[in-house]
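Chains as they are written, first to last, in this note's numbering: chain W, 1 to 290; chain E, 1 to 346.
What follows is a short report on a single structure.
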Amino acid sequence: MKELQDLARTLLSDGTVQVVIGWEDGPTGARPVFVTSPEGADKLIFDTRCVHNLATFLSPRRSHVARLGKAAVVVKGCDARAVAMLLRESQIKREDIVLIGVRCGGVQKDPASKEPLTAATVADKCTGCDVREPHLADHVVGELPQAPPNDDARERFIEELSAMPASERWEFWQTAFARCVRCNACREVCPLCTCERCIVDKTQPRWIEPSAHPAAIMAWQITRAQHHAGRCSDCGECARVCPAGIPLDVLNREMARILQIRFDYTATDDPEAPAPLGAFRTDDGQEFIR
Amino acid sequence: MSETRFITTQALAELTAELLAAGTRVVAPAEAADGAVDYQVISNAKDVVLDERMPRRSLRGFFQPPTEQVFTWNRTDSGFSLKPVDLSTEPWVVLGARPCDAAGAAAIDAVMNGEPKDDLWMRRRETVTVIGLACAAMGPGCFCELVGKGPADTTGSDILLRPAQGGYIVEIVTPRGQAFVEAHSAKFTSTDAEVQAPPKRYDPAPMDRIEAWLEANFNDEFWQELSLRCLGCGTCTSICPTCYCFDIVDEPVGTSAGARRRNWDTCQVGLFTLHASGHNPRPEQTNRCRQRIMHKFYIYPHRHDILLCTGCGRCVVACPTGVNLPEILTGIAGRAGEDTTMGGPA
Chain W
1 MKELQDLART LLSDGTVQVV IGWEDGPTGA RPVFVTSPEG ADKLIFDTRC
51 VHNLATFLSP RRSHVARLGK AAVVVKGCDA RAVAMLLRES QIKREDIVLI
101 GVRCGGVQKD PASKEPLTAA TVADKCTGCD VREPHLADHV VGELPQAPPN
151 DDARERFIEE LSAMPASERW EFWQTAFARC VRCNACREVC PLCTCERCIV
201 DKTQPRWIEP SAHPAAIMAW QITRAQHHAG RCSDCGECAR VCPAGIPLDV
251 LNREMARILQ IRFDYTATDD PEAPAPLGAF RTDDGQEFIR
Chain E
1 MSETRFITTQ ALAELTAELL AAGTRVVAPA EAADGAVDYQ VISNAKDVVL
51 DERMPRRSLR GFFQPPTEQV FTWNRTDSGF SLKPVDLSTE PWVVLGARPC
101 DAAGAAAIDA VMNGEPKDDL WMRRRETVTV IGLACAAMGP GCFCELVGKG
151 PADTTGSDIL LRPAQGGYIV EIVTPRGQAF VEAHSAKFTS TDAEVQAPPK
201 RYDPAPMDRI EAWLEANFND EFWQELSLRC LGCGTCTSIC PTCYCFDIVD
251 EPVGTSAGAR RRNWDTCQVG LFTLHASGHN PRPEQTNRCR QRIMHKFYIY
301 PHRHDILLCT GCGRCVVACP TGVNLPEILT GIAGRAGEDT TMGGPA
């Protein structure tokens with residue numbers, strides 16, 4: 001903790017950055033904080049409650065944050081995958097940000113949790129983590145903790161879903177989507193929903209109706225999932241925020257699984273790695289494209 | 001109208017079963033598939049959950065569904081016809097409404113029952129009997145007392161149930177509640193049981209000082225500070241018992257028919273205020289966060305003399321980045337206190 005606070009203090013005092021975006025201990029658990037003075041660096045924490053993906057604050061859509069000036073962002077290894085995607089898609093420039101990587105041994109589902117990190121409390125995204133040590137960062141702080149407890153409930157559920165007959169799977173998603181109120185919270189929290197104008201907000205022509213009726217919900221949810229195929233970093237913030245409790249992360253994971261099979265692609269924190277749907281390869285597995 | 005009766009847990013279950021058998025629509029807290037509690041349309045009296053678990057979402061959706069048809073249109077060779085939605089609504093019952101949710105719907109009546117009257121909202125309000133359930137414990141986000149309400153507040157309830165040994169002390173609040181008790185009088189007995197003091201967490205915040213500070217500090221740097229962590233997801237407004245804003249859309253089917261619908265909207269997204277010209281009077285999240293606080297604690301009380309917040313605390317729990325309304329209110333009260341022009345200490 002002291003290492004993180006000292007580093008933030010230095011970056012702010014020597015003018016390297018104007019704001020450090022990290023976590024603090026808020027009234028209801030860990031939450032994002034924006035430190036703009038060296039004195040404020042004492043607020044910074046990192047522990048197992050820091051589930052949030054702070055890369056979302058780098059999205060150019062958040063102009064009220066950009067106004068603070070050059071930012072240093074504290075990232076877990078998994079969060080760095082979203083930063084890498086923002087870089088790959090030219091949404092941000094590498095020289096405009098400082099990345100403070102934190103070594104991580106897994107985070108909780110609930111940032112307000114007071115429980116120890118166990119298979120019951122660990123976030124689904126931590127299962128099988130291979131980025132406990134962030135690669136993309138300018139600075140890496142903390143000791144390398146043990147690997148997170150393994151809870152493969154989500155992976156098993158995805159396997160169950162894939163094994164279902166298509167009609168049953170369709171019914172599962174129809175039931176889940178029937179709860180959707182079309183609030184677009186999943187879009188707003190997403191670090192990679194960077195479109196200046198989302199297709200669902202366009203009215204001339206109106207591609208997707210905004211009402212919460214079954215056809216429109218399905219059109220939105222399919223579009224959302226497709227647009228994140230090969231882009232999603234599996235931070236799970238869409239599922240965490242959904243007021244209707246729709247397991248959007250399951251859908252994202254399923255898309256990722258298909259991308260792995262069809263394009264030999266896994267979400268990565270390497271900004272130079274070619275995007276599966278944005279790169280041409282002469283050895284592409286899909287014949288129609290060669 | 002502060003008459004009290006008693007109803008046993010058994011008699012309440014029987015009463016619920018009788019209502020269902022008579023075909024009455026009953027909405028009550030019940031377990032959802034994922035184990036959490038939601039207000040739901042009940043089909044079996046056994047499903048009703050009247051324990052300490054706070055329903056995940058407010059009652060709003062039962063008075064104003066996320067999507068609601070207003071009318072349909074049809075164009076034929078002989079002309080153009082509009083078919084308004086059927087407004088007739090059978091009497092229905094909400095059982096086990098939390099005091100914050102009952103009061104929330106009542107707060108919205110101030111705008112919906114104005115001029116013009118909103119029939120889509122009022123038809124459901126005028127036909128409902130709300131049986132409130134006083135809270136026996138505080139949930140993780142609860143702050144009703146801070147906004148001048150409380151775990152046993154009767155606002156918006158026709159009858160309030162207060163948990164007691166073996167059942168509930170029944171506080172009759174309105175003539176509609178009185179009529180309901182009389183219609184099912186065999187289930188209720190007289191009582192001299194004492195009500196237990198409700199749980200307590202906060203003292204009321206100085207709302208008039210907060211209102212005065214809001215009026216005078218539209219451009220304070222506080223708003224920037226407050227909004228930095230806000231992602232603009234609007235989940236606070238989706239689960240809120242007092243948010244009612246909607247958007248109206250026309251959705252055609254082919255070229256000659258279609259429906260006008262109204263949908264939940266949220267002040268937390270840019271599209272809410274985007275003009276056709278491209279200009280947006282609330283271009284950034286800072287403006288939108290301010291709007292949420294202004295509407296609830298300055299604009300609405302100024303216009304209708306009612307706070308547009310009942311302290312249910314769902315926004316505190318649901319916010320993905322820990323935006324905390326009690327912290328905001330006490331922060332504003334603190335600022336108002338320091339500023340001597342706000343009536344605070346000199």
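Cβ coordinates follow ideal geometry from the N, Cα and C atoms, glycine included.
Among T255(E), V27(E), G35(E), the one whose alpha carbon lies nearest that of F80(E): T255(E)
Closest residue to G148(E) among P301(E), T8(E), R162(E), G258(E) (Cα-Cα distance): P301(E)
Burial state of H279(E), where buried means 16 or more other Cβ atoms lie within 10 Å: exposed
Completely contained alpha helix (DSSP H) runs for the stretch 218 to 248 of chain E, where each covers 4 or more residues: 222 to 227, 235 to 238
Straight-line Cα distance separating H228(W) from P274(W): 15 Å
Which residues DSSP lists as bridging R25(E), in chain order: W92(E)
Cβ of L11(W) within 9 Å of any chain E Cβ: no
Whether Q165(E) touches S227(E) by CB criterion (9 Å): no
Between the CA atoms of V140(W) and R103(W) - distance to the nearest angstrom: 7 Å
Identified DSSP bridge partners for A71(W): V19(W), I97(W)
K83(E) - partner residues in DSSP beta bridges: T72(E)
Residues in the stretch 312 to 329 of chain E having any Cβ partner in chain W nearer than 7 Å: V316, A318, P320, T321, G322, N324, E327
Amino acids of chain E, ordered along the chain, whose beta-carbon sits closer than 7 Å to that of S211(W): T67, V249, E251, R261, N263
beta-carbon C180(W) near the ligand SAM non-hydrogen atom, thresh 8 Å: As for the ligand SAM, it is missing from this structure, which has no ligand bound.
Per-residue contacts from L231(E) into chain W (C-beta, under 7 Å): T56, E188, V189
Outcome for M54(E) when other beta-carbon atoms lying within 10 angstroms are tallied against a minimum of 16: buried
Whole-angstrom distance between L274(E) and A134(E), CA atom to CA atom: 41 Å
Per-residue DSSP class, three states only, for V173(E): coil
Chain W contact residues for S277(E), given Cβ-Cβ distances below 8 Å: Near S277(E) there are no residues of chain W at all, since even the closest Cβ is about 14 Å away, more than 8 Å.
Residue from L11(W), V122(W), I100(W), T36(W) whose Cα sits closest to the Cα of L54(W): I100(W)
Coarse secondary structure for A193(E), derived from DSSP in three states: coil
Residue from G139(E), V70(E), D109(E), A136(E) with nearest C-alpha to E126(E): D109(E)
Close-in-space but distant-in-sequence residues of the same chain around I45(W) (CB under 7 Å, 5 per side omitted): M1, W23, E24, D25, A30
The stretch 38 to 53 of chain E contacting the stretch 287 to 307 of chain E, beta-carbon criterion three pairs below 8 Å: no
E327(E) beta carbon less than 9 Å from that of E171(E): no
Alpha helix (DSSP H) segment containing N287(E), residue limits: 285 to 294
With 16 other Cβ atoms within 10 Å as the buried cut-off, status of A215(W): exposed
Contained alpha helix (DSSP H) runs [length at least 4] in the stretch 30 to 89 of chain W, N- to C-terminal order: 63 to 66, 77 to 88
Interface residues of chain E facing R253(W) [CB-CB closer than 9 Å]: Ordered by position in chain E, no residue passes the 9 Å Cβ test against R253(W), which lies about 18 Å from the chain.
Assigned exposure category for W170(W) - 16 Cβ within 10 Å defines buried: exposed
Helix, strand or coil at G331(E) according to DSSP, with G and I counted as helix: helix
is_contact[Q10(E), chain W] using C-beta, thresh 9 Å: no
The stretch 241 to 256 of chain W / the stretch 175 to 195 of chain W touching (three or more Cβ pairs under 8 Å): yes
Supposed contact pair F71(E) and R260(E) - C-beta distance, whole angstroms, cut 8 Å: 5 Å
contact_flag[the stretch 186 to 201 of chain E, the stretch 19 to 29 of chain E] where n(CB pairs < 8 Å) is 3 or more: no
Chain W contact for S227(E) (CB, 9 Å cutoff): yes
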